[in-house]
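Chemist: Below are the structure tokens for one structure; questions will follow.
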Amino acid sequence: MTRGFLLAGAALALSSTVVLAQRSPESILPRGMDTPAPSPSPTPAPAPAPTSSPNPAEPAQSGEVVQPLPRAARPVDTSDVDLSDIPSVAELEAMTTEELDDLFGLKPRFDIPPAARRSTSEIGVIGPGEGGLPTASLARQPASIVQAALGAMEGPLISRWGHILLRRTLASRLNAPDGMDPVQFAALRASTLNTMGEHVAARALVQDVDTADYNGSLVNAALGAYLGTADIVGACPVVRLDGVEGEGLQWSMLEGICSSYAGEATSAQNDLRRLLNQTEEDRIDVLLAQRFAGAAGQGRRAVTIEWDGIDEMNPWRFALANALGEPIPENIAETLDPYYLKSSALIPALPPIQRLNGADVAAASGILSAKAMVDLYSQIYANRGAETGGVGPVLAGRLRDAYVDPAPAERLAAITDVWGGGQADYGRLVLTAYAAARLTPSDEFAEDADQLIASMLTAGLERDALRWSEIVEEGSLGWAQLALADPEGAQVSDGAIDSFFDSDDSSSKRKSRMFVAGLAGLGRTDTGNISEYSDRLGVDLSAPTAWTVMIDKAAEADNAALVAILAGLGMQGTSWEQMTSRHLFHIVSALNRVGLEAEARMIAAEAVARA
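Reading the sequence shown from the start, the letters are residues -21 to -1, 1 to 590 in mature numbering (1 follows the signal peptide of the UniProt record, and there is no 0).
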């Protein structure tokens, strides 16, 4: 039957074509040229034999489709339904996007299919083969010790090399300690990285956990990492998932922004407009959020940002302003604390000249490497025609001279110009590390050898620094740094220590204290010398405290990860004046015993240079 209908349709189409051809203009082609060859007529298929309707009581034949007879629908029992709970149209219009999502169950529980979910047994971004610590380093350690150590870290580390070591430890792919939830362990590590200013590393760590596994602590750590890197949209997978509950103005603003970038621009702007009407002191924060949400592509409302009456900064407005390219007033920018300076050095949305404001602080603390600093100044040098004012372009030019000037004396002059003369800022020493390594040791440069050696050691270039051992005098600051940084570990005599002690003009002989503590921790002088100079300096390196007992036990257990965490706990502070020689001795000694000898040497040498 079907083929018969098709043939009938074809005949109808053919007859229609003939009618249309009769009404068309006559062809000018010769006769026969416009007439196609006749096609063979198709052979009609035999019609199928008629079938009788099957008896519903009998089973259907193979190949037949039997449609069941419709049945009457059962009545729905509405006695248990409370119609008063159903919101009215006016109430629905007044609801925020978040409330509507909760009402209708629109928020997904997870954004990754169950089959693609990752295990939480190992969380981290640096594997053992990539420089990370062994995965099972903390697996058998009591959770209370690790939690207490990480929970007590509330600020930056005074040591650049201590910072680098702790960052590597926290970012390693590790199993959670015995008795600790692995997600909670990740949250503790990410929070500590945030307090150190390592927002990029913290963001990478929290992204190694599927958002469906987040708990409240990890959500807070993740938001801190995203704000620190001005990656506002990066927080949206967490904000928009069901099961994650937040509160406060910033959370509501994030919900509005994420809704806008999810295609709900109109409702998101309505939510943000409500927030603007509900707040007085933080109006600029909501205005920044409105502008950011409007950038999703459907915003049509101009938002004017006015800083009048704003005399302080917070992480939210700092991140939003930098992400939007909104200039921060000079009166605020000039008084930013180290948190904002370190953050600005890591935000790729900022022009290099603006990142420069925090680069020295970030380099001195260990966030930026010497190569990263050179890359930043190279960008400034490449754009020097567009950059006007400030010392950035000038420093970039002098840094280039420090590398490429054919005369060694001119290269040294350029290096000292980058330092700024006198006692150089430690961040500038990081900047010139590789330029200093390119200089050939010479008695002509002996006056600057102390800082040249300190500069090279900021990047761990001890082999290059040791070339100056024949230039520096015994007892000098450069000599003391090399005595601690030398991988060969030569013993230091009583007379050599005494010569350094006599030439030390630091306050309260702090450099001598750090030198003796470093030698004792590395085992590079005998116990008699340690006892003698401890008495002369008025220090007791072996006096026990709860912290010294703990780090010594971790070293006895040969647990490098726990020693690194406890060493970071002992190096918290904002100035080297807060570091004691006793703490330095136990840190260096413990690191040396667990196989982190290179880090122990660099920390000891840094202490002498910066004390």
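By construction, the Cβ of each residue, glycine as well, lies at the ideal position given by its N, Cα and C atoms.
According to DSSP, simplified to helix, strand and coil, what is residue 121?
Modeler: Of the three classes helix, strand and coil, the one that applies to residue 121 here is strand, per DSSP.
Chemist: Output yes or no for whether 8 Å exceeds the beta carbon distance between residue 137 and residue 554.
Modeler: Their beta carbons are under 8 Å apart, which means residue 137 touches residue 554 by this criterion.
Chemist: Taking only the alpha-carbon atoms, compute the straight-line gap between residue 174 and residue 133 and give it to the nearest angstrom.
Modeler: Near 6 Å, if we compare the C-alpha coordinates of residue 133 and residue 174.
Chemist: Hey, out of 588, 548, 96, whose CA is closest to residue 126's CA?
Modeler: The shortest C-alpha separation from residue 126 is found at 548.
Chemist: Using the beta-carbon count (16 or more within 10 Å), is residue 372 buried or exposed?
Modeler: Under this definition residue 372 is a buried residue.
Chemist: Just checking, does the segment 159 to 179 make contact with the segment 93 to 104 on the three C-beta pairs under 8 Å criterion?
Modeler: A contact exists between the segment 159 to 179 and the segment 93 to 104.
Chemist: Less than 8 Å separating the beta-carbons of residue 307 and residue 300?
Modeler: Yes, these two residues count as a Cβ contact at 8 Å.
Chemist: Could you tell me the alpha carbon to alpha carbon distance between residue 380 and residue 387, rounded to whole angstroms?
Modeler: Using only the alpha carbons, I get a separation of about 10 Å.
Chemist: Comparing alpha-carbon positions, which option in 588, 212, 204 lies nearest residue 167?
Modeler: The option with the nearest alpha carbon to residue 167 is 204.
Chemist: Got a sec, what are the start and stop residues for the alpha helix (DSSP H) residue 384 sits in?
Modeler: Careful: residue 384 lies outside any alpha helix (DSSP H) and carries neither H nor E.
Chemist: Would DSSP call residue 65 helix, strand or coil?
Modeler: Correct three-state label for residue 65: coil.
Chemist: With distances taken between CB atoms, is the gap from residue 437 to residue 416 smaller than 8 Å?
Modeler: Not closer than 8 Å, so no.
Chemist: Would you call residue 350 buried or exposed, if buried means 16 or more other Cβ atoms sit within 10 Å of its Cβ?
Modeler: Burial call: exposed.
Chemist: What are the residues that DSSP puts in a beta bridge with residue 105?
Modeler: Answer by DSSP bridge pairing, in chain order: 151.
Chemist: In this structure, how does DSSP classify residue 163 when only helix, strand and coil are distinguished?
Modeler: Looking at residue 163 - three-state DSSP - the assignment turns out to be helix.
Chemist: Let me confirm a value: residue 469 is counted as buried when at least 16 other C-beta atoms fall within 10 Å, else exposed. Which label applies?
Modeler: Residue 469 should be labelled exposed.
Chemist: With H, G and I counted as helix, E and B as strand and the rest as coil, what does DSSP make of residue 333?
Modeler: Of the three classes helix, strand and coil, the one that applies to residue 333 here is helix, per DSSP.
Chemist: Would you mind stating whether residue 463 and residue 445 have Cβ atoms separated by less than 8 Å?
Modeler: No. Outside cutoff.
Chemist: Kindly list the residues whose CB is nearer than 6 Å to the CB of residue 495, restricted to its own chain and excluding five residues on each side of it in sequence; keep chain order.
Modeler: Same-chain partners within the cutoff: 512.
Chemist: Look up residue 551 in the DSSP assignment and give the residues it is bridged to.
Modeler: DSSP, once it has assigned bridges, lists 136 as partnering residue 551.
Chemist: Is it right to say residue 474 is buried, meaning 16 or more other beta carbons lie within 10 angstroms of its own, or is it exposed?
Modeler: The residue is exposed, with fewer than 16 neighbouring Cβ atoms inside 10 Å.
Chemist: In whole angstroms, give me the CA-to-CA distance for residue 340 and residue 332.
Modeler: One C-alpha to the other measures close to 15 Å.
Chemist: Looking only at its own chain, which residues have a Cβ that is under 6 Å from the Cβ of residue 194, when we skip the five neighbours before and after it?
Modeler: Correct list, in chain order: 162.
Chemist: Which residues does DSSP list as the beta-bridge partners of residue 157?
Modeler: Answer by DSSP bridge pairing, in chain order: 121.
Chemist: Identify, in the order they occur along the chain, each residue of the same chain with its Cβ nearer than 7 Å to the Cβ of residue 171, setting aside the five sequence neighbours on each side.
Modeler: So the list reads 129, 132, 149, once near-sequence residues are dropped.
Chemist: Under the three-state reduction of DSSP, which class applies to residue 22: helix, strand or coil?
Modeler: Confidence is the limiting factor: at residue 22 the pLDDT is only 49, short of 50, which leaves the residue's position unreliable, though a coordinate-based value still follows. Three-state result, residue 22: coil.
Chemist: Assign residue 518 to one of three DSSP states: helix, strand, or coil.
Modeler: Of the three classes helix, strand and coil, the one that applies to residue 518 here is coil, per DSSP.
Chemist: Pick helix, strand or coil for residue 31, following the three-state DSSP scheme.
Modeler: Note that residue 31 scores a pLDDT of 46, beneath 50, so its modelled location is shaky and nothing firm can be said.
Chemist: Buried or exposed, going by whether 16 or more other CB atoms sit within 10 Å of the CB of residue 67?
Modeler: Exposed is the call here.
Chemist: Suppose you measure from the CA of residue 514 to the CA of residue 520; what does that come to, to the nearest Å?
Modeler: Rounded to the nearest angstrom, the two C-alpha atoms are 10 Å apart.
Chemist: Is there contact between the segment 568 to 583 and the segment 533 to 542, where contact requires at least three CB pairs shorter than 8 Å?
Modeler: Taking 8 Å as the limit for Cβ pairs, the verdict is that the segment 533 to 542 does touch the segment 568 to 583.
Chemist: Look up residue 361 in the DSSP assignment and say whether it is helix, strand or coil.
Modeler: Helix at residue 361.
Chemist: If you run the structure through DSSP and keep just helix, strand and coil, what is residue 11?
Modeler: With a pLDDT of 47 at residue 11, under the threshold of 50, the predicted position of this residue should be treated as unreliable, and no value is reported.
Chemist: Just the Cα atoms here: how many angstroms apart are residue 395 and residue 409?
Modeler: C-alpha separation (whole angstroms): 13 Å.
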